[in-house]
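Colleague: Just so you know, we're using the numbering used here here: the sequence shown kicks off at 1 and counts up by one.
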Amino acid sequence: MESEGVRLARLIESLEPGRGDPPAVAEAPEPRPGAAAVACRIDAPCERFGLSEPPCPLDLKLLRAGTGWMLYAQTPPARPKEVAAWLEDYRPNEVWIGPGLAPKGLRAEFDRIPDAWRTIHEAVRVRYMQARPEGSASLFVHDHPDRVGRFVEAECKGRDGVRLRPVYADLDDLPLTPRQRDALALAVALGYYDVPRCINLRDLAGRMGMSIGAASELLRRGERLIVSGYFDRWTAARWKDGN
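#1: If we count the other Cβ atoms within 10 Å of its Cβ and call it buried at 16 or more, is residue 126 buried or exposed?
#2: Helix, strand or coil: which one does DSSP assign to residue 213?
#3: Would you say residue 54 and residue 86 are within 7 Å of each other, going by their C-beta atoms?
#4: With 16 other CB atoms within 10 Å as the buried threshold, where does residue 234 fall?
#5: Please report how far the alpha carbon of residue 231 lies from the alpha carbon of residue 207, in whole angstroms.
#6: For the beta strand (DSSP E) that residue 59 lies in, which residues bound it at each end?
#7: What does the alpha-carbon distance come out to for the pair residue 174 and residue 219?
#8: Between residue 116 and residue 71, is the Cβ-Cβ spacing less than 7 Å?
#9: Which first and last residues belong to the beta strand (DSSP E) in which residue 105 is found?
#10: Can you tell which of 97, 91, 68, 93 has the C-alpha that lies nearest to the C-alpha of residue 82?
Right under this line is the structure:
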């Protein structure tokens, strides 16, 4: 059986190049002019990315600011003070909390950042991160396949709990197969996703002319792409226009 690192490296090779160059973020080297880039998401425990468990769900973006760094955080309403307290362990120079009665964001200035953060941002172009209080984190990267592949191999080989998948910020780019589209369309038409359901999986599989197991897998593969694509687009929209 191939290792997790080898499997993820194969997935990197299969990723479709995106249009144009990725935006310059942090310290990753500049891409070769005209070279294609890939977008992917790496899910891992928070500690793999040098983070402790945050007090609430966070969207994070770390950027170079002169000779230092600036961390932007988007939080649930009225939670920035808790996040500012959590950030104290990383020794920011200063933290600014957004205005309003229920602020939803903050920024923190650093002269130095933890070694784990620097290693990641020097190795690959990071667009943004997500961190959750249950201890999971997601790294959204947009870089050349060779650089992403090296980073994934170094970070994932022999380590449990690390997953990689392509990012689909445009729902039109979802690689649904014709069979998946037909199966999902039939399931919607027959009320399989209604609450309560108008048809169960056994009867739906019969209408599809396949076994229950085959129908379930076909639906779940399509559902995974649609749900992942929706949240990829939703996450990207939170940082639209550089906010």
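Cβ coordinates follow ideal geometry from the N, Cα and C atoms, glycine included.
From a predicted model like this one, the values you see are computed outputs, not experimental measurements.
Modeller: According to the structure data:
#1: buried
#2: helix
#3: yes
#4: exposed
#5: 31 Å
#6: 58-65
#7: 15 Å
#8: no
#9: 105-110
#10: 97
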